[in-house]
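**Student:** Protein chains in written order, with the numbering used here: chain G, 1 to 201; chain R, 202 to 402. Below is one structure. I have some questions about it.
Protein chains: 2
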Amino acid sequence: MPAEKPETRPYHHGDLRSALLAAAERTLRDKGSASLSLRELARDLGVSHAAPGRHFKDKQALLNALALVGYDRMAEALEAADEPGLPLQERLTVLARTYLGFAIDNAELLELMYARKHEPDAAEQMAAAIDRTVGALERAVAAAQQRGEIVDGDPEQLTLVVGTSLHGLASLAVTGKFTTEDAMAAVSGLVHHLMYGLKPR
Amino acid sequence: MPAEKPETRPYHHGDLRSALLAAAERTLRDKGSASLSLRELARDLGVSHAAPGRHFKDKQALLNALALVGYDRMAEALEAADEPGLPLQERLTVLARTYLGFAIDNAELLELMYARKHEPDAAEQMAAAIDRTVGALERAVAAAQQRGEIVDGDPEQLTLVVGTSLHGLASLAVTGKFTTEDAMAAVSGLVHHLMYGLKPR
DNA sequence: GCATGAATGTAGACGCCGCCAACAATGCTG
DNA sequence: CAGCATTGTTGGCGGCGTCTACATTCATGC
């Protein structure tokens, strides 16, 4: 046994799975999803080209796991930003800005999260993750409704109205239809119109 | 020179570019964007694996062209469905249903259209195509505003509110968050809330 | 009509990729 | 410490996108 540096990479990496996810997220951010290959991740981490296969049965499995990480992050961000005490209009504005900010900062990751690729069983986990994400919106709407701040009606339906608008704005912002500033600036107007509608009062 | 059938595929295909786009669209619909390869398209059309390279400098160029085809189709569908005589609420409902229907029928194509991949120069053509698509919405909003049917204010801002909502709904429907029926059923409620807002009147 | 250059299609090669199977090193548990 | 599951390695397979060199056809001007 030659006296090599004691910390020459041991045969086992220790936590290759997490390292792969982290490296993948970084690559995604830096170079886009197109140039995300398992072999390159393996090279970056100094393991063999087949090592990732021990932790993800195929590439899609890694992408699924990555998407779940994304949902976790997003739900955290929304829950941290939410201020239950605010009236709905302000509360929605905060949530919208948070969502929009996350979307812009994690465009490629978001694309993965909303990709329609993970069908068989991962779809369930995704659905659960989405529910958690939408939870902040649902709570905000329900609270406002209880306070009599907004109209009666199926709260799910109301959440849908708000949710589609925010999601649509984020989606357009991410695909480059707006600059970050324009999108952010549009938020307050958007929320205002959601509250008061297009019909004159 | 053996007497083969006179119509054995001639050396030149005739309209390989169009054929490639058509085949690609079919493959996209049938088997998804994942399994869309230039080589397979070439095989399907009975040409050599390098022939597509004569018409599209690389795979992304074909995808860009495909996206433009998609925008054309969508704009056509919206323009055909639009009924300028209707009051805004009904008019929006019709447009929303049309957009939603197109989105569901052409999910993979839409994904391409909204992909954030075509940056350098194709982005301009895309932007123009999007403008045409949004045109129907803009006209509907402007007309309603002129009739005094809806509130004053920057028409672009109002169009944005409507556009984000519809786009968000379509986006969620396409990614499988709703069934087709649920999404379609949600349209009228969505448009209603857009018109009258969440605040009680 | 026919030469000649531009379009278009073909054949082959290169390097990358995802995935698989066989084998090696390590960790864990009785 | 034996034995087994886990994790990593090596090598190979076929498919892919792209490039280059070459072949065929088309079209244009004379």
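Even for Gly, the Cβ is constructed at its ideal location relative to N, Cα and C. Remember, predicted model here, so these are calculated numbers, not experimental data.
(1) Could you check if residue 24(G) belongs to the surroundings of the ligand FAD, using beta carbon to heavy atom distance under 8 Å?
(2) So residue 28(G) and residue 108(G) are in contact, right, with Cβ under 8 Å, and what is the actual spacing, rounded?
(3) Cβ closer than 9 Å: which chain R residues qualify as neighbours of residue 157(G)?
(4) Answer yes or no: does any C-beta atom of chain R fall closer than 9 Å to that of residue 150(G)?
(5) Is the beta carbon of residue 401(R) sitting closer than 9 Å to the one on residue 150(G)?
(6) Return the residue from the list 30(G), 193(G) and 157(G) that minimises the CA-CA distance to residue 353(R).
(7) Could you tell me whether any Cβ in chain G is nearer than 9 Å to the Cβ of residue 376(R)?
(8) Apart from the five residues just before and just after residue 55(G), which ones in its own chain have a Cβ nearer than 7 Å to its Cβ?
(9) For a contact defined as C-beta to C-beta under 7 Å, what are the partners of residue 164(G) on chain R?
(10) In whole angstroms, what separates the C-alpha of residue 129(G) from that of residue 68(G)?
(11) Can you tell me the Cβ-Cβ gap for residue 301(R) and residue 384(R), rounded? I've got them flagged as a contact below 8 Å.
(12) Got a sec: is the Cβ-Cβ distance from residue 138(G) to anything in chain R below 9 Å?
(13) Examine chain R for any beta-carbon lying closer than 9 Å to the beta-carbon of residue 104(G), and answer yes or no.
(14) Counting along the chain, where does the alpha helix (DSSP H) carrying residue 362(R) start and finish?
(15) Where do the N-terminal and C-terminal ends of the alpha helix (DSSP H) with residue 102(G) fall, by residue?
(16) In angstroms with no decimal places, state the Cα-to-Cα distance between residue 83(G) and residue 91(G).
(17) Taking only beta-carbon positions, decide if residue 161(G) is within less than 9 Å of chain R.
(18) Could you tell me how far apart the beta carbons of residue 225(R) and residue 279(R) are, in whole angstroms, since I believe they sit closer than 8 Å?
(19) Which same chain residues end up closer than 8 Å to residue 388(R) when comparing Cβ atoms and leaving out the 5 residues on each side of it in sequence?
(20) Just reading off the alpha helix (DSSP H) that residue 331(R) is part of, what are its end residues?
(21) If you follow the alpha helix (DSSP H) that residue 196(G) is part of, which residue opens it and which one closes it?
(22) Chain G beta carbons: is any one of them nearer than 9 Å to that of residue 317(R)?
(23) Between which two residues does the alpha helix (DSSP H) holding residue 283(R) run?
(24) What does residue 253(R) reach in chain G if we use C-beta pairs closer than 8 Å?
(25) Can you find the residues in the same chain that come closer than 8 Å, C-beta to C-beta, to residue 364(R), ignoring five residues on each side of it along the sequence?
(26) Would you verify that the beta carbon of residue 32(G) is, or is not, closer than 9 Å to some beta carbon of chain R?
**Tutor:** Let me spell this out:
(1) What this structure holds is no ligand at all, so the ligand FAD is not there to describe.
(2) 5 Å
(3) 387, 390, 391 and 394
(4) yes
(5) yes
(6) 193(G)
(7) yes
(8) 16, 17 and 20
(9) 366, 369, 370, 373 and 391
(10) 7 Å
(11) 6 Å
(12) no
(13) no
(14) 356-375
(15) 88-105
(16) 6 Å
(17) yes
(18) Contact doesn't hold; Cβ gap of about 23 Å is too wide.
(19) 294, 297, 298, 301 and 370
(20) 323-347
(21) 180-196
(22) yes
(23) Here residue 283(R) belongs to no alpha helix (DSSP H), and DSSP marks it neither H nor E.
(24) Near residue 253(R) there are no residues of chain G at all, since even the closest Cβ is about 19 Å away, more than 8 Å.
(25) 335 and 338
(26) yes
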